[in-house]
Amino acid sequence: QQQVKQSPQSLIVQKGGISIINCAYENTAFDYFPWYQQFPGKGPALLIAIRPDVSEKKEGRFTISFNKSAKQFSLHIMDSQPGDSATYFCAASSQTSYDKVIFGPGTSLSVIP
Amino acid sequence: DGGITQSPKYLFRKEGQNVTLSCEQNLNHDAMYWYRQDPGQGLRLIYYSQIVNDFQKGDIAEGYSVSREKKESFPLTVTSAQKNPTAFYLCASSMGPASRGPQHFGDGTRLSIL
């Protein structure tokens, strides 16, 4: 019940296209859903995060869509660029698990020219 | 620039040897964390510390030890009891609980077996 599932494992998108990464969870106590971006040889960096009181959050080309009833959330990258090529992790946590964040297994995105 | 510094970037361990990974932060964050990253897997929590001189085990603490003598520093020791230590180790910090807001990560240490 503590698991966060993420798909696809890898994704190849053409420059200018839309990249979509999906995540699902079981624990209904989860109430904070961040997305992290990681470049090779670097640590992850927070990209965007959402709480379940909203169904969508947009920051520039990055949008999180959240479906509370389905227990699913997704990251959309509009107008994907080669510089977006990285590994993306979704994550989830709850107020009751003070310091524990559950990470998905990651999606390796390659944006080709 | 504020941030988290991990050293060394690459580390090699011999059989039966303990090795220590360094993590220093100048963000004035109270909470610090150690994660292990393996290919195709998400980050797994090894240990975390909310305040100086206090720390808790995460999900995969066996074979690891930590100390938190200073707010800025949270070193991780990989002991000889850890039979599969080859991985990418990430240190992180956060201003408040990690479950409420962003974690800031260092650039990791890659540990390999000689």
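For the protein sequence lines, the chains are A and B, in the order given. Residue numbers for the first sequence follow the working numbering, beginning at -10 and rising by one. Residue numbers for the second sequence follow the working numbering, beginning at -15 and rising by one. Just so you know, even glycine gets a beta-carbon here, dropped at the ideal spot from N, CA and C.
Minimum Cβ-Cβ distance from B:D91 to chain A less than 7 Å: Yes, its Cβ sits closer than 7 Å to a Cβ of chain A.
Mind checking who A:P138 pairs with in its DSSP beta bridge? Here chain A covers residues -10 to 102 and nothing more, so residue 138 of chain A does not appear.
Cβ shell of A:P41 (< 7 Å), same chain only, five flanking positions each side left out: Excluding positions up to five away in sequence, the list reads D20, F55 and K57.
If we call anything under 7 Å between Cβ atoms a contact, is B:N2 one with B:T61? yes
Excluding the five sequence neighbours on either side, which residues of its own chain have a C-beta within less than 6 Å of the C-beta of B:L5, listed in chain order? L60, Y73 and T93
Run through DSSP, which three-state label would A:D73 get? helix
Are the beta-carbon atoms of A:Y25 and A:F78 separated by less than 7 Å? The Cβ atoms of A:Y25 and A:F78 sit closer than 7 Å to each other.
Please classify B:Q34: does DSSP put it in a helix, a strand, or coil? In the structure shown, B:Q34 sits in a strand (DSSP, three-state: E or B).
Where B:F58 falls, given that 16 or more other Cβ within 10 Å makes a residue buried: buried
With distance defined between alpha-carbon atoms, name the residue in B:R(-3), B:K67 and B:Y32 nearest to B:I97. B:R(-3)
Between which two residues does the beta strand (DSSP E) holding A:Q(-5) run? Here the beta strand (DSSP E) through A:Q(-5) covers V(-7) to S(-4).
Verify whether the separation of the beta carbon atoms of A:S97 and A:S8 is less than 7 Å. no
Taking the alpha-carbon positions, what's the B:E53 to B:E8 distance? 12 Å
Three-state secondary structure (DSSP) of B:T93: strand
What did DSSP end up calling B:H88 once you bin it into helix, strand or coil? strand
If you count every other CB in all the chains shown that lies within 10 Å of the CB of A:S44, and 16 or more means buried, which is it? exposed
Local conformation of A:K89 per DSSP, three classes: In this structure, A:K89 counts as coil in the three-state DSSP scheme.
With a 10 Å radius around its C-beta and 16 neighbouring C-beta atoms as the bar for buried, classify A:M67 as buried or exposed. exposed
So B:Y32 contacts chain A; which residues on that side make the cut at Cβ distance below 7 Å? D88
Among A:G95, A:F92 and A:S82, which residue has its Cα nearest to the Cα of B:R84? A:S82
CA-to-CA distance, B:E(-1) to B:M79, given in whole angstroms: 37 Å
Is the Cβ of B:P59 closer than 7 Å to any Cβ of chain A? With 7 Å as the cut-off, B:P59 does not count as an interface residue toward chain A.
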